[in-house]
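A.B. asks:
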Amino acid sequence: MSTLAVVGGGPAGLMAAEVARASGVEVDLFDAKGSVGRKVLIAGKGGLNLTHSEPMPMFAHRYREREREVAAWLRDFDADAVRAWARGLGVETFVGSSGRVFPSDLKAAPLLRGWVRHLRDQGVRFHVQHRWLGWDDRGALRFATPEGERTMHAGASVLALGGGSWPQLGSDGAWQEVLRDRGVDVAPLRPANCGFDSGWSEHFAQRHAGAPLKPVIAHWHDAAGQEHTRQGECVVTQTGIEGSLVYALSADLRDAIARDGHALLHLDLAPGRGQARLRDALSRPRLGRSLAEHIRRQAGLSGVKSGLLREVLDRDAMEEPATLAATIKRLPLVLAAPRPIAEAISSAGGVRLEALDDALMLAPRAHAVPEGTFCAGEMLDWEAPTGGYLLTACFASGKRAGAGAVAWLARGTRIATT
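Take a look at the structure:
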């Protein structure tokens, strides 16, 4: 059986290599950086959220417009399979209070080291500092290395080159033009799980940047005009807002900005307190106290929450209890732009799934790519919120592409021997 070349040493590429090598295929894995799995290590700074315990079909619903396609990958490698796989590497997992699944030690490095060691022991050949450049005229893979350009002929290849987030770790999206030039339909990469700019006043930004907003309830509308609400926490930045709550809404907010030029987000700064109760409390005499102290005593708001009120209301409105109470319950934030993709946790866009068959192989007749070229991971056109969904889909797509490559190579071997 011929050799499989895996290009990209992230979770999708490593999983494709594991599947192929377990089937007896010779595997060469290439990565542009000096070591593999760098984004896994970055994810480990938050405890390495491997997957989520949420049951199907809600788990698959997190992948939005690509729910149907990703659900098919998950049938081969779901959350339970992720936990069993980690256990096979000697890493036990637990389900946190939010339903997220983590390694018991909340560390990424032991799992990554064990995984790479296992792959090496199984015979996967690693080639670091090999930046993929495309193909030459004979269909060989081209790589830039410290020693100059190198080429390799492979019976099949899995491209797992990542999206556009964290470019310093290798996923800089440079592959887009290579594939577009060969006729592959690539959706533009966009930031996902990202923060947003809102245009704070200089005074507010200097005083409150870095301050957490918790708890708050967000109100927003999706593309169909349906209103949604979600409680959580976020953080004020120098230019706007970010954090787990904002990341969960980021796809809708980003798409609204692309469609309308802005997105409107409302925040309830006082969950659990009704508007009428707030109005009555704020209507009480101030007894010589400052307005800020009055709001703190009667509404329980101070610091950044009080600052937000002053950011959207003028002095006269701040003095009006009914207006103040209404704004506390639905403070409007106009978001002007998502933060750059390089700052995002993940990216949307990539190789459209319609360009691939069910095994994630690019159709060579439709594209000027060598036969047996598969794609996996974040370079595909899907997105998901944080919470373990990103890693799970990368694992699952890598497994599917790796299995598809094995089947392709086996078919070629059978044809050659008949």
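Position one of the sequence shown corresponds to residue 270 (my numbering), numbered consecutively onward. Glycine residues also receive a C-beta, built at the ideal position from the N, C-alpha and C atoms.
1) Compare the C-beta of Lys598 against all C-beta atoms of chain C and say whether one is closer than 8 Å.
2) Could you tell me the distance, in whole angstroms, from the CA atom of Ala276 to the CA atom of Leu298?
3) Looking at Gly657: is its Cβ nearer than 8 Å to the Cβ of His321?
4) Secondary structure at Arg400, three-state DSSP: helix, strand or coil?
5) Compute the distance between the beta-carbons of Leu430 and Trp401, then report whether it is under 8 Å.
6) One question on the structure: do Leu381 and Val309 come within less than 8 Å of each other, judged by their Cβ atoms?
7) Enumerate in chain order the residues of its own chain whose CB-to-CB distance from Ser575 is below 8 Å, with the five nearest sequence positions on each side excluded.
8) Using a Cβ-Cβ cutoff of less than 7 Å, which residues in the same chain neighbour Thr686 once the five nearest sequence positions on both sides are dropped?
9) From Leu570, Pro607, Pro601 and Val485, pick the residue whose C-alpha is nearest to that of Asp521; which is it?
10) For Glu580, collect the residues of the same chain with a Cβ closer than 6 Å to its Cβ; drop the 5 residues on either side in sequence, then sort them by chain order.
11) If you check the beta carbons only, do Ala286 and Cys663 fall under 8 Å apart?
12) Decide if Lys668 is buried, meaning its Cβ has at least 16 other Cβ atoms within 10 Å, or exposed.
13) Does the distance from the C-beta atom of Trp489 to that of Leu534 stay below 8 Å?
14) Would you tell me roughly how many angstroms separate the C-alpha atoms of Pro481 and Ser519, rounded to the nearest one?
15) For His535, which residues does DSSP report across the bridge?
16) Mark Thr362 as exposed unless 16 or more other C-beta atoms lie within 10 angstroms of its C-beta, in which case mark it buried.
17) Can you look up Glu502 in the DSSP assignment and give me helix, strand or coil?
18) How is Phe691 classed by DSSP in three states: helix, strand or coil?
19) When the Cα atoms are used, what is the spatial distance from Gly671 to Ala545?
20) Could you tell me whether the segment 584-597 touches the segment 627-643, using the rule of 3 or more Cβ pairs below 8 Å?
21) Please report how far the alpha carbon of Arg407 lies from the alpha carbon of Phe371, in whole angstroms.
22) Distance check for Ser513 and Val288, CA to CA, integer angstroms please.
23) Which residue or residues does DSSP assign as beta-bridge partners of Val370?
24) Under three-state DSSP, which class holds Phe299?
25) When you compare only the Cα positions, how much space is there between Thr655 and Thr642?
26) Quickly, what does DSSP pair Arg218 with across the bridge? List them, please.
27) Measure the alpha-carbon distance for Arg307 versus Ala353 and round it to whole angstroms.
28) Gln475 to Ala645, Cα distance in whole Å?
29) Tell me the start and end of each unbroken alpha helix (DSSP H) in the segment 577-621 that is at least 4 residues and wholly inside, in chain order.
30) Alpha carbon to alpha carbon, how far is Met630 from Glu652? Give it in angstroms, no decimals.
31) Could you check the C-alpha separation between Asp347 and Ala679 for me, to the nearest Å?
32) Nearest to Gln507 by CA position, among Val485, Tyr516 and Ser467, is which residue?
33) Helix, strand or coil for Val305, going by three-state DSSP, please let me know.
34) Whose C-beta lies closer than 7 Å to the C-beta of Gly368 among residues of the same chain, with five residues either side of it excluded?
35) Buried or exposed for Gln391, going by 16 or more other Cβ atoms inside 10 Å?
36) How long is the line joining the alpha carbons of Ile510 and Leu428, rounded to whole angstroms?
C.D. replies: For this structure:
1) No chain C is part of this structure, which consists of one protein chain only.
2) Rather than Ala, the amino acid found at residue 276 in this sequence is Val. Rounded to whole angstroms, Val276 to Leu298 spans 6 Å at the Cα level.
3) With respect to His321, Gly657 sits close: the two C-beta atoms are nearer than 8 Å.
4) In the structure shown, Arg400 falls within a strand segment according to DSSP collapsed to helix, strand and coil.
5) yes
6) yes
7) Ala561, Ile564 and Arg565
8) Any answer about Thr686 is weak, because its pLDDT of 40 lies below 50 and its placement is not dependable; what the coordinates show is given next. Hits under 7 Å: none found.
9) The residue with the shortest Cα to Cα distance from Asp521 is Pro607.
10) For Glu580, same chain residues with a beta-carbon under 6 Å away, outside a window of 5 residues either side, are Phe473 in chain order.
11) The Cβ atoms of Ala286 and Cys663 lie no closer than 8 Å to each other.
12) Around the beta-carbon of Lys668, 16 or more other beta-carbon atoms lie within 10 Å, marking it buried.
13) Yes.
14) 18 Å
15) As DSSP reads the structure, His535 sits in a beta bridge with His488 and Pro601.
16) buried
17) It is a strand residue.
18) Here the chain covers residues 270 to 687 and nothing more, so residue 691 does not appear.
19) 59 Å
20) Touching, no.
21) Distance from the CA atom of Arg407 to the CA atom of Phe371, rounded to whole angstroms, is 45 Å.
22) 33 Å
23) Thr320 and Val364
24) strand
25) Their Cα atoms are separated by approximately 29 Å.
26) Residue 218 cannot be examined here, being either before or after the span of the chain that is shown, 270 to 687.
27) 23 Å
28) 43 Å
29) 584-587 and 590-598
30) 19 Å
31) Roughly 26 Å separates the two Cα atoms.
32) Ser467
33) coil
34) If the five residues before and after Gly368 are omitted, its C-beta is found closer than 7 Å to the C-beta atoms of His321, Ser322 and Glu323, all from its own chain and listed in chain order.
35) exposed
36) 34 Å
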